[in-house]
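So the structure is just underneath, and the comments pick up after that.
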Amino acid sequence: KETSYRTGTDAQEISGSSEIDVERLFTRSDIQSLLKRLTGMNLEGKLFTHRNIAHPQRSHYALMTDDAYEKTLKNMEEVGLNFLQFVPVLEPRCNTTVILAKDPEIAGFDDSKYVFTDLSFGYGIQIRSVVVRETDGVLRSATVEERDRMARIYKGHPHRPVCEPPVFKDPYLQMALDRNDHEHVLDWACHYYLPDDPVFIELCHTIFDRTLDANKFSNLYSTRHFGPFVFYLVLNNRFSPLLIYYGSKEKVEDAADLIRLIKAISGDETSSNCMKSADDLTILQDFAKENEEHRDIIQDLIKTAKKKEIRLHKQNASFEREHVATMDKDSFAGTQGPLGEIAKSYDVCIVKGSFEATEQSQKWKEKSKKQKKRQNTKENKK
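Using the UniProt record's numbering, the first residue of the sequence shown is number 1, and each one after it goes up by one.
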């Protein structure tokens with residue numbers, strides 16, 4: 001059984017199980033951390049790539065040291081986190097109207113409806129009273145679409161016209177998705193609609209469904225819409241294509257985080273707590289045992305995870321072999337040591353780094369000096 005977001009005060013079910021609160025579930029700390037890890041951060045390819053803007057800006061080039069370059073990257077990551085702030089997942093506003101009065105004596109007074117808006121100073125459009133007089137004489141409260149249209153009329157914006165842009169509806173919507181403009185359409189929708197607008201929620205679901213059908217996950221990856229997109233897929237039990245995508249890209253960590261997210265959303269607290277401390281390979285193996293329909297997909301990811309573990313063991317072993325000390329006391333003092341051929345001309349002494357050892361080295365130096373003086377005096381006498 002597939003699910004969608006709640007409408008009004010109706011509860012939402014996950015696969016026919018218990019009722020949940022979608023808004024509270026989406027804002028939970030563990031869910032948010034998993035969604036952020038799944039979103040990723042592609043600075044050059046997505047967040048700071050070339051974009052079409054009204055006023056082009058001149059590129060800035062600078063010569064930096066390594067420290068300055070690292071600080072600049074950290075600053076860019078902090079700015080990128082703001083760009084990746086998720087779009088709120090809210091329930092649709094209640095679209096029911098309240099009949100205020102029925103005046104049949106004025107029925108047919110005009111062919112058009114009349115909309116009356118409170119224009120008192122200092123109130124927001126969501127607080128102002130907006131009523132509509134129907135042609136049959138009924139006076140009722142305004143619907144969500146009518147209230148938003150009045151907001152766009154009285155509080156205009158250059159990029160928020162009164163009528164909806166054609167790109168939000170077919171065939172122009174599909175044409176934009178065929179051009180891979182998923183992020184552009186969703187960003188414009190966030191600017192045009194309120195997050196609890198039923199039209200906005202339906203538009204997001206349409207784009208999410210078509211992205212899933214076309215397997216164009218990379219168009220939303222590392223954007224502020226990827227978290228709500230994955231949340232929507234898991235909530236409606238349609239995450240299988242995403243697992244296949246992770247398997248094709250050999251993204252074992254993302255696949256394991258997706259399984260953690262599935263367990264966290266399903267409400268299984270025991271398995272969700274166990275997965276927090278388990279490694280990625282164990283999570284994939286347990287999920288393959290529990291879900292036969294996803295076993296073929298998970299097996300490829302398990303093979304990839306095992307290969308990565310073998311590579312890590314080999315890299316660690318080679319690293320240890322490279323850093324094993326091959327110098328001993330004799331080789332260090334000889335020509336193989338840091339002095340090279342110069343060690344033949346001098347008496348090299350290996351001293352341990354302790355106070356007693358330094359005293360012994362000083363005594364040894366004094367003895368060697370005395371011996372050299374005696375030899376010099378004997379030679380002079382001869």
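Think of the CB as a built atom: it goes at the ideal place given N, C-alpha and C, for glycine as much as any other residue.
Task: Touching by the beta-carbon criterion (3+ pairs, under 8 Å), the segment 285-303 and the segment 61-68 - done: Contact between the segment 285-303 and the segment 61-68 is absent: fewer than 3 CB-CB pairs across the two stretches fall below 8 Å.
Return helix, strand or coil for Y245, following the three-state DSSP convention. Helix at Y245.
- What separation, rounded to the nearest whole angstrom, lies between the Cα atoms of Y192 and T282? Going by the C-alpha atoms only, they are around 45 Å apart.
Exposed or buried, which one is R147 when buried takes at least 16 other CB atoms within 10 Å? That one is buried.
* **CA-to-CA distance, V22 to R210, given in whole angstroms** => Each residue's Cα considered, the two are about 22 Å apart.
* **Limits of the beta strand (DSSP E) - the one that S141 falls within** => Per DSSP, S141 belongs to the beta strand (DSSP E) from V138 to S141.
**Prompt:** When you compare only the Cα positions, how much space is there between R37 and E253?
**Reply:** Here the alpha carbons of E253 and R37 stand approximately 9 Å from one another.
* To do: Taking only the alpha-carbon atoms, compute the straight-line gap between L261 and L25 and give it to the nearest angstrom.
  => Roughly 11 Å between the two C-alpha positions.
What is the DSSP secondary structure of F109, reduced to helix, strand or coil? Looking at F109 - three-state DSSP - the assignment turns out to be coil, as it is neither helix nor strand.
(Q) Please list the terminal residues of the continuous alpha helix (DSSP H) segment that includes T117. (A) Judged by DSSP secondary structure, T117 falls outside any alpha helix (DSSP H) and instead within the beta strand (DSSP E) spanning Y114 to T117.
Using CA coordinates, which residue listed in L139, D110, I99 and Y154 is at the minimum distance from F121?
-> Of L139, D110, I99 and Y154, the residue nearest in Cα terms is Y154.
Could you check which residue in Y172, T206 and L47 has the C-alpha nearest to that of M76? Of all alpha-carbon atoms in Y172, T206 and L47, the one lying nearest the alpha-carbon of M76 is that of L47.
* Helix, strand or coil: which one does DSSP assign to I53? -> It is coil, neither helix nor strand.
**Message:** Using a 10 Å radius around the Cβ and a threshold of 16 neighbouring Cβ atoms, would you call C204 buried or exposed?
**Reply:** By the beta-carbon neighbour count (other beta carbons within 10 angstroms, threshold 16), C204 is buried.
Whole-Å CB distance - residue 388 paired with G80, under 8 Å assumed: Lying outside 1 to 382, the shown extent of the chain, residue 388 is not represented and no answer is given.
- Task: Compare the Cα-Cα distances from G40 to each of R152, L84 and V89 and report the closest residue.
- Result: Nearest to G40 by C-alpha distance, out of R152, L84 and V89, is L84.
| query | Where does the unbroken alpha helix (DSSP H) through A288 begin, and where does it stop? | reply | For A288, the enclosing alpha helix (DSSP H) starts and ends at D280 to E290.
- From the DSSP output, read off the bridge partner residues of H157. R160.
(Q) DSSP three-state label for D187, please. (A) D187 falls in the helix class under three-state DSSP.
Start and end of the beta strand (DSSP E) containing K251? Looking at the DSSP string, K251 is not in any beta strand (DSSP E), and its letter there is neither H nor E.
| said: Please tell me whether F200 and F229 are closer than 8 Å, where the distance is taken between their beta carbons. | reply: No, these two residues do not count as a Cβ contact at 8 Å.
- prompt: Just the Cα atoms here: how many angstroms apart are D118 and L301?
  reply: One Cα belongs to D118, the other to L301, and the distance between them is close to 60 Å.
Bridge partners - R133, DSSP secondary structure assignment: According to DSSP, which records beta bridges pairwise, R133 is partnered with Y114 and L139.
Practice task
Could you have a look at R128 and say whether DSSP puts it in helix, strand or coil?
Solution key: If DSSP states are grouped into helix, strand and coil, R128 belongs with coil.
Could you give the C-beta distance for T304 and E250, rounded to a whole number, given that I count them as a contact under 8 Å?
With 8 Å as the limit, T304 and E250 qualify as a contact, their Cβ atoms being about 5 Å apart.
List the endpoints of the continuous alpha helix (DSSP H) containing I99.
-> Premise fails: I99 lies in the beta strand (DSSP E), I99 to K102, not in any alpha helix (DSSP H).
* Below 8 Å between beta carbons: does that hold for V132 and R93? -> It is not a contact, given that the beta carbons lie outside the stated cut-off.
I want to know whether the segment 126-140 touches the segment 109-116 - three or more CB-CB distances under 8 Å. Touching, yes, given that three or more Cβ pairs across the two stretches are closer than 8 Å.
Practice problem: Compare the beta carbon distance of V162 and L173 with 8 Å and say whether it is the shorter of the two. | Solution: No.
- Message: Taking DSSP's pairing of strands, which residues face I265 in a bridge?
- Response: BP columns for I265 are empty, so no partner.
C-alpha distance - K306 paired with R152, whole-angstrom precision = The alpha-carbon atoms of K306 and R152 are separated by roughly 56 Å.
* Is it true that the CB of V98 sits closer than 8 Å to the CB of R140? -> The answer is yes: Cβ separation under 8 Å.
I'd like to know whether the C-beta atoms of L284 and A256 end up nearer to each other than 8 Å. Yes. Within cutoff.
Environment of D280 [buried if 16+ CB atoms lie within 10 Å]
Around the beta carbon of D280, 16 or more other beta carbons lie within 10 angstroms, which makes this residue buried.
Beta-carbon separation of G156 and E105 under 8 Å?
Note that the C-beta distance between G156 and E105 is not below 8 Å.
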